[in-house]
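There are 2 protein chains.
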Amino acid sequence: MEEIKVFCPATIANVSCGFDVLGLALDSVGDQMTVRKTSENGIRITKITGQDLPLATEKNVAGVAGTALLEKSDYQGGFEIEIDKRIKPGSGIGSSAASSAGAVWAMNELLNRPFSDLELVEFAMQGEKMASDVAHADNVAPAIFGGFTLVRSYEPLDIVSIPTPSELYATVIHPQIEIKTSDSRKILKTTISMQQGIQQWGNLGGLIAGLFKNDYDLIGRSLHDHIVEPIRSILIPAFDEIKTNALKSGALGSGISGSGPSIFALSRGEKIARHVADSMTDTYQKIGVDFDIHISKINNQGVKKIN
Amino acid sequence: MEEIKVFCPATIANVSCGFDVLGLALDSVGDQMTVRKTSENGIRITKITGQDLPLATEKNVAGVAGTALLEKSDYQGGFEIEIDKRIKPGSGIGSSAASSAGAVWAMNELLNRPFSDLELVEFAMQGEKMASDVAHADNVAPAIFGGFTLVRSYEPLDIVSIPTPSELYATVIHPQIEIKTSDSRKILKTTISMQQGIQQWGNLGGLIAGLFKNDYDLIGRSLHDHIVEPIRSILIPAFDEIKTNALKSGALGSGISGSGPSIFALSRGEKIARHVADSMTDTYQKIGVDFDIHISKINNQGVKKIN
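Taken in sequence, the protein lines are chains A and B.
Okay, so the first sequence: first residue is 9 according to this note's numbering, each after it adds one.
Okay, so the second sequence: first residue is 9 according to this note's numbering, each after it adds one.
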């Protein structure tokens, strides 16, 4: 295979109680990317549509992640990348992770899979490091593994795949304001109370158990974040109203997607996910906030080949 | 049924990464208790063997927990309780929880189960409150539900049963010093760093996932506690040596049982659990610390009827 076209999923990191450790991949929201082998060594980004992003390899997350892979590879050639960027940067649904993960996943396919998924996550994390100063894995891990993933530990990197109940849908609304991940990290406190910690790991344990048990009620009861959400939600227009209305419309839970400003809700079944989308849409239309909205099944595959 | 004899299991709370939320029940360590109906209202503790504990209903955890049940019951009679106390108070393996849980479970059986397991936990927590000032559930929940349990939340009380891999064994060594739960809580800090929190909920998520997946390696990789263990272990003789030797002997993980001073290790299979017991025994014999040692399968039933 000399060329591959891939779908690079958007992802929701944190998922309320899983700050910095949990993430999930979306199915109907993502970039497309074409990667082809070249005889010349190194990565060249030849075309970006959809967004105005740098073509320079060392300034583009796909270039940085791809370079990390190339450096560990025996392959003597290089790659050309074309990106059709459909996820808006700064939206909080893993825009940079989609490009980083998509690039390294596609290259690995073209090289006949010399690297494990875990290694691909490590390469993609280099793209994340360039994008937000922190080599976090909570978006790139679900983008590569699919479904829900837990970053159990960073040193050593330990990624755990968590099964996804089949009726789980995500609704994501993106108010058209930009918050940089690095800025939204700065406002967080560096300490928390023991009591907050206990609540959080109780909920995270409950969420993981709920996903394994297909227990939608337990998933809903566990989707709380008493630590980060109260702080970050201040930056997001009408967060409380969006969340309250989502829950009233039947969502299992709702919270900030990644570092925001997107707000996600998880629901049982597409019908409820659409109700939730309607309620979110109403809220922003009433107060005149521009937005994009997405409804998606959870994507169990992660990055995938398309035609 | 007018009379029932029950086994009341010892329990390991916290289990390293699950401070205040996780617990497990043991199979071969526990009290025995005989409970019989009486026409007279109220609880009477008629006999305690094995330990010197108060017979007065309001000063005995079984009496307090049983009274909490009676107050919610339509039953007009009362109960007599005989306790054969085999778990030493203050050992850190749920001595008070075994009495509280055993009493209310036995009474519920004699009344033809008017109460759910969750309600029994709530009654038993009243016994815990008397014993340690805090109505914690991380010992009484596994004592009643069996296996591993997660206390997802206290308000409202939400207990989640977690499946137990069949080859999992616990080794527990109890150095003969007493630490009161209330004292060992006092030395804890009331704040933790965000980074410690993230590590902890990553590990707790990993442990829950490992238990569901029967992934013993993942269980082992997750059994870390960077928050409470470094502080509480100072109170326990040769903690680091016991733990290090347990891991060298093949244990998946090792930590403080509840608030100590008992130290537990989890192993895959009885053979390794016995090696671990040998290494723990050697360590305390060398330095002249008196101890009890237990090797047990995980008990998936919790309190149970015996003859």
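By construction, the Cβ of each residue, glycine as well, lies at the ideal position given by its N, Cα and C atoms.
Ends of the alpha helix (DSSP H) at residue i?
i: residue 283/B; result: 278–295
i: residue 69/B; result: 69–79
i: residue 248/A; result: 247–256
i: residue 233/B; result: Run containing residue 233/B: none; DSSP gives neither H nor E here.
i: residue 210/A; result: 202–221
Can you look up residue i in the DSSP assignment and give me helix, strand or coil?
i: residue 129/B; result: helix
i: residue 162/A; result: strand
i: residue 112/A; result: helix
i: residue 173/B; result: coil
i: residue 192/A; result: helix
i: residue 8/A; result: Lying outside 9 to 315, the shown extent of chain A, residue 8/A is not represented and no answer is given.
i: residue 198/A; result: coil
i: residue 225/B; result: helix
i: residue 274/A; result: strand
i: residue 267/B; result: coil
i: residue 24/B; result: coil
i: residue 167/B; result: strand
i: residue 262/B; result: strand
i: residue 100/B; result: coil
For residue i, would you say it is in contact with chain B, using Cβ-to-Cβ distances shorter than 9 Å as the test?
i: residue 149/A; result: no
i: residue 29/A; result: yes
i: residue 172/A; result: no
i: residue 142/A; result: no
i: residue 217/A; result: yes
i: residue 16/A; result: no
i: residue 202/A; result: yes
i: residue 26/A; result: yes
i: residue 101/A; result: no
i: residue 153/A; result: no
i: residue 228/A; result: no
i: residue 213/A; result: yes
i: residue 159/A; result: yes
i: residue 247/A; result: no
i: residue 87/A; result: no
Between residue i and chain E, is any beta-carbon pair separated by less than 9 Å?
i: residue 168/A; result: Here the protein chains are A and B, and chain E is not one of them.
Does any residue of chain A have a CB that is nearer than 9 Å to the CB of residue i?
i: residue 129/B; result: no
i: residue 267/B; result: no
i: residue 197/B; result: yes
i: residue 116/B; result: no
i: residue 209/B; result: yes
i: residue 260/B; result: no
i: residue 176/B; result: no
i: residue 190/B; result: no
i: residue 112/B; result: no
i: residue 206/B; result: yes
i: residue 240/B; result: no
i: residue 235/B; result: yes
Please look up how many angstroms separate the CB atoms of residue i and residue j, rounded, as I've assumed it's under 8 Å.
i: residue 42/B; j: residue 13/B; result: 5 Å
i: residue 156/B; j: residue 219/B; result: 6 Å
i: residue 20/B; j: residue 159/B; result: Actually they do not touch by this definition, with Cβ atoms about 14 Å apart.
Could you please give the first and the last residue of the uninterrupted beta strand (DSSP E) stretch that includes residue i?
i: residue 181/B; result: 176–183
i: residue 15/A; result: 11–21
i: residue 33/A; result: 30–46
i: residue 314/A; result: 312–314
i: residue 299/A; result: 299–305
i: residue 187/B; result: Looking at the DSSP string, residue 187/B is not in any beta strand (DSSP E), and its letter there is neither H nor E.
i: residue 152/A; result: No beta strand (DSSP E) contains residue 152/A, which is instead part of the alpha helix (DSSP H) from 148–153.
i: residue 91/B; result: 86–92
Look at the Cβ atom of residue i, then the Cβ atom of residue j, and state whether they are nearer than 9 Å.
i: residue 302/A; j: residue 101/A; result: yes
i: residue 123/A; j: residue 165/A; result: no
i: residue 227/A; j: residue 260/A; result: yes
i: residue 118/A; j: residue 197/A; result: no
i: residue 307/A; j: residue 34/A; result: yes
i: residue 29/A; j: residue 231/A; result: no
i: residue 145/B; j: residue 134/B; result: no
i: residue 15/B; j: residue 73/B; result: no
i: residue 109/B; j: residue 53/B; result: no
Can you find a heavy atom of the ligand HEM that lies under 8 Å from the Cβ of residue i?
i: residue 98/A; result: The ligand HEM is absent from the structure shown, which contains no ligand whatsoever.
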